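Novice: Numbering (our numbering), first residue to last: 678 to 1082.
From the three backbone atoms N, C-alpha and C, an ideal C-beta is built for every residue, glycine too.
Small disclaimer: the values here were computed from a predicted structure and weren't measured.
Structure, rendered in structure tokens:
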């Protein structure tokens, strides 16, 4: 008999009712089923995913095989979620979160697979950071945890926190970074809410200690009301910086060589809120604010000095007056590589002719997105006590430079 170089597979009889799979096929089938179920579990909140482990012996080990964990303290609050959230509810939620974190980082039920990313959102109550620190630190040292995304939330409306309260919140955060330096080896994303670093070295904490940090989000944070803050971090790996309601008078980016995206939402500065010195990789910039009493218009071209490769720009006005002065020719250097421009929050009663100035100043633009602001309740000036009277933009359109066709 001629041999074709093919070895026939011998199927095992399955009780006379058919043939079962070979051992290697069973292993591949089990791996495929695990991958599918883990993908499903990864789309659920952690509490639901953990409850699925009681369905069968097959499901029992699956939650501990998740490569990416999302542990959010809000998932441990009572349902329906109380508003406002009481201190007792927060304490219970943090106790449950700590237990869940310990289960997934320490009590692994014999599973040795690593966790690529841990997304951890916690309240800063009692000793929450001190309890989380050792758990995360041991997981990092053992090689179990690769990347940490940490968000330290504020329990209520950010405006309900006094300046003294903001200052007090900064101390345990600074202590956490000092007491558990190993955690900083895997901290790639950090979100802080309502923190004042007036008596602490914010630059040292965020840029000298957090050497692996790639994404930083600050909401209602400062180093003292209306203070200058400089970031000079030539060795930083930071790619994304998000600022929301931060009370810097000016944020000066002296050196952030890898920064690719900056989002600045609502500033209190009386003038231009940002200054760029060396940001060679900055390609996406978003500026959004509703101009209020006491804020002066500034020239966008002056703010953008120091940027060389912005390709995506978003300007937001939230239905109020423009916070920038009329200009066209001056924008040419900053707009020379601009490909996408979004202009949002233009009050519905303003004309749009002035937006063509951007087309004239950006000869390479490919996408222009314009969005008007139409909220009936905002038309009543009684609800706008902090804002000046609305006036339609008046920009002269004389320009003899390159045309955008």
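(1) Residue 792: buried (16+ other C-beta within 10 angstroms of its C-beta) or exposed?
(2) Which two residues bound the contiguous beta strand (DSSP E) that contains residue 894?
(3) Are at least three pairs of beta-carbons, each pair with one atom in the segment 986-997 and one in the segment 1008-1027, less than 8 Å apart?
(4) Taking the alpha-carbon of residue 950 as reference, which of 771, 907, 914 and 933 has the nearest alpha-carbon?
(5) Here's the rule: buried if 16 or more other CB atoms are within 10 angstroms of the residue's CB, otherwise exposed. What is residue 843?
(6) Is it true that the CB of residue 897 sits closer than 7 Å to the CB of residue 871?
(7) Please list the segments of the alpha helix (DSSP H) lying wholly inside the segment 957-985, counting only runs of 4 or more residues, in order along the chain.
(8) Bridge partners of residue 866, per DSSP?
(9) With DSSP as the reference, label residue 1006 as helix, strand or coil.
(10) Just reading off the beta strand (DSSP E) that residue 1038 is part of, what are its end residues?
(11) Quick one: give me the first and last residue of the alpha helix (DSSP H) that residue 1018 is part of.
(12) Would you say residue 817 and residue 862 are within 7 Å of each other, going by their C-beta atoms?
(13) If you draw a straight line from the C-alpha of residue 878 to the C-alpha of residue 760, how long is it?
(14) Can you say whether residue 873 is buried or exposed, counting buried as having 16 or more other CB atoms within 10 angstroms of its CB?
(15) Counting pairs of Cβ atoms below 8 Å between the segment 921-932 and the segment 967-981, do you hit three or more?
(16) In this structure, does DSSP put residue 881 in helix, strand or coil?
(17) Residue 808 lies in the alpha helix (DSSP H); which residues open and close that run?
(18) When the Cβ atoms of the segment 777-784 are set against those of the segment 824-838, are three or more pairs found closer than 8 Å?
Specialist: Checking against the coordinates, here is how it stands:
(1) By 1-based counting over the chain shown, the position of residue 792 is 115. Result: buried.
(2) Sequence index remark: in the chain shown, residue 894 carries index 217 (1-based). Residue range 892-896 is occupied by the beta strand (DSSP E) that includes residue 894.
(3) Touching, per the Cβ criterion.
(4) Position 273 of the chain shown, counted from the first residue, corresponds to residue 950. Per the Cα distances, 907.
(5) For the purposes of this step, residue 843 is taken as residue 166 along the chain shown, with counting starting at 1. Classification of residue 843: buried, given that the 10 Å Cβ count is 16 or more.
(6) By one-based count along the chain shown, residue 871 stands at place 194. By one-based count along the chain shown, residue 897 stands at place 220. Yes, the pair counts as a contact, with Cβ atoms nearer than the cut-off.
(7) Fully enclosed alpha helix (DSSP H) runs of 4 or longer: 977-980.
(8) Here residue 866 is taken as the residue at index 189 of the chain shown, counted from 1. DSSP lists 826 and 892 as the beta-bridge partner residues of residue 866.
(9) The sequence position of residue 1006 within the chain shown is 329, counting from 1. Residue state for residue 1006 is assigned as helix, using DSSP reduced to three classes.
(10) Counting from 1 along the chain shown, the entry for residue 1038 is found at position 361. Following the DSSP letters along the chain, one finds residue 1038 in no beta strand (DSSP E) but inside the alpha helix (DSSP H) bounded by residues 1033-1038.
(11) The residue given as residue 1018 occupies position 341 in the chain shown. Counting along the chain, residue 1018 falls outside any alpha helix (DSSP H), though it belongs to the beta strand (DSSP E) covering 1017-1024.
(12) Within the chain shown, numbered from 1, the residue matching residue 817 stands at position 140. Within the chain shown, numbered from 1, the residue matching residue 862 stands at position 185. Against a cut-off of 7 Å, the Cβ pair of residue 862 and residue 817 comes out as a contact.
(13) In the chain shown, the residue the question calls residue 878 occupies position 201. In the chain shown, the residue the question calls residue 760 occupies position 83. Looking at the two C-alpha atoms, the distance is approximately 35 Å.
(14) Looking up residue 873 in the chain shown gives position 196. Flag for residue 873 reads buried.
(15) With a cut-off of 8 Å on Cβ pairs, the segment 921-932 is not in contact with the segment 967-981, counting fewer than three such pairs.
(16) Within the chain shown, residue 881 is the residue found at index 204, counting from 1. Here residue 881 sits in helix by DSSP.
(17) As a first step, residue 808 is located in the chain shown; it is residue number 131 there, counting from the start. For residue 808, the enclosing alpha helix (DSSP H) begins and ends at 805-818.
(18) No contact exists between the segment 777-784 and the segment 824-838.
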